[in-house]
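Mapping the sequence shown onto this note's numbering, position 161 (from 1) lands on 161, and the numbers just tick up by one. Here is the structure we will look at.
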Amino acid sequence: MNDEIISEVTAGDGVKAEKFKKFCEYLLSENKKFNITAITDTDGVYLKHFLDSLCGKVFFESGKKVLEIGSGGGFPSVPLKINDESLDFTLVEASAKKCAFLNSVKELLGFSAFKVENARAEDFAKNNREEFDFVTARAVANSPVLCELTLPCLKTGGKGVFYKNFSVTEITDAERAAKKLNCELIEVHRYELPEVPGERCIIVVQKKAECPAVYPRPYNKILKKPL
Ligand code: SAM
């Protein structure tokens with residue numbers, strides 16, 4: 001394992017290092033029984049899951065309420081929570097099996113303020129409008145779908161922090177969808193992971209006013225006629 005990557009992930013903090021180690025071991029052992037992630041080696045987990053998730057850490061303010069949709073194995077939420085335990089997370093994940101895994105991770109790492117909801121994001125968004133300071137997601141949907149599923153849940157002034165593969169289309173689509181939801185694209189942070197091909201980015205969108213009540217629309221309409 002590359003020492004530089006470990007020290008970037010753990011920030012030289014022994015307690016965090018122990019938690020990342022425990023999480024990695026648990027993820028890889030559960031992954032043999034249930035299909036949680038396509039990455040099956042320790043180096044890959046530290047680089048493509050832990051380090052990638054932490055590339056967005058500067059965008060989250062301590063102590064704030066964060067919604068994550070499509071958590072899967074807990075990315076980016078679990079690394080962000082290990083890094084800053086004051087973040088108050090709600091994870092919305094459609095798969096019951098993955099929710100059970102995430103609840104076990106919560107227990108394993110002794111997290112509080114870490115709620116796991118087995119629900120679809122489009123249903124959750126209808127009943128939890130204007131509640132969160134931040135919303136986030138990685139590898140869940142394209143930008144217009146992601147914006148419609150998550151931005152209604154933000155408080156006015158709150159921010160969406162979306163982890164994406166970089167493409168100009170992804171950015172222009174996010175900009176257009178955000179506007180329709182009374183939000184504004186305020187930053188695109190482009191980055192690469194060491195020795196991993198492809199440019200990635202974090203798209204940051206800020207909510208300027210409440211989203212029109214019609215959003216999110218029923219899921220078939222979201223997909224059929226993206227914003
Ligand atoms: N975010 C994780 C990551 O970056 O490794 C998991 C990504 S995985 C490709 C997508 C996850 O989103 C799956 O666990 C799937 O069950 C979940 N998902 C997809 N659509 C969803 C929806 N509408 N509501 C809630 N979860 C959803």
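All C-beta atoms, glycine included, are put in the ideal place defined by N, C-alpha and C.
For residue i: DSSP bridge partner residues
| i | result |
| --- | --- |
| CYS183 | LYS207 |
| VAL9 | Beta-bridge pairing links VAL9 to no other residue. |
| ASN118 | GLU93 |
| ILE222 | For ILE222, which the question treats as bridged, DSSP gives no partner whatsoever. |
| GLU4 | Partner(s): none; GLU4 has no beta bridge. |
| ILE69 | VAL92 |
| ILE202 | TYR163, HIS189 |
Within 8 angstroms, strictly: CB atoms of residue i and residue j
| i | j | result |
| --- | --- | --- |
| TYR163 | PRO79 | no |
| ILE171 | LYS98 | no |
| GLU131 | CYS147 | no |
| VAL145 | ILE69 | no |
| GLY230 | VAL161 | This structure cannot speak to residue 230, because the chain is shown only from 1 to 227. |
| THR156 | GLU210 | yes |
| ASP52 | LEU193 | yes |
| PHE134 | LYS115 | no |
| ILE82 | LEU108 | no |
| THR150 | ALA125 | yes |
| LEU67 | VAL92 | yes |
| ARG120 | ALA94 | yes |
| LYS180 | LEU227 | yes |
| ILE203 | LEU185 | yes |
DSSP state of residue i mapped onto helix, strand, coil
| i | result |
| --- | --- |
| VAL15 | helix |
| ASP84 | coil |
| LYS106 | helix |
| VAL214 | coil |
| VAL196 | coil |
| CYS55 | coil |
| GLU30 | helix |
| LYS48 | helix |
| GLU25 | helix |
| LYS126 | helix |
| LYS98 | helix |
| GLU61 | coil |
| PRO76 | coil |
| ASP41 | coil |
| PHE111 | coil |
Near the ligand HEM: residue i beta-carbon under 7 angstroms from a heavy atom
| i | result |
| --- | --- |
| GLY73 | Of the ligands this structure carries, namely the ligand SAM, none is the ligand HEM. |
Could you give the uninterrupted runs of the alpha helix (DSSP H) lying entirely in the segment 131–185, keeping only those of 4 residues or more?
-> The segment 131–185 contains, as complete alpha helix (DSSP H) runs of 4+ residues, the segments 143–150, 168–180 (chain order).
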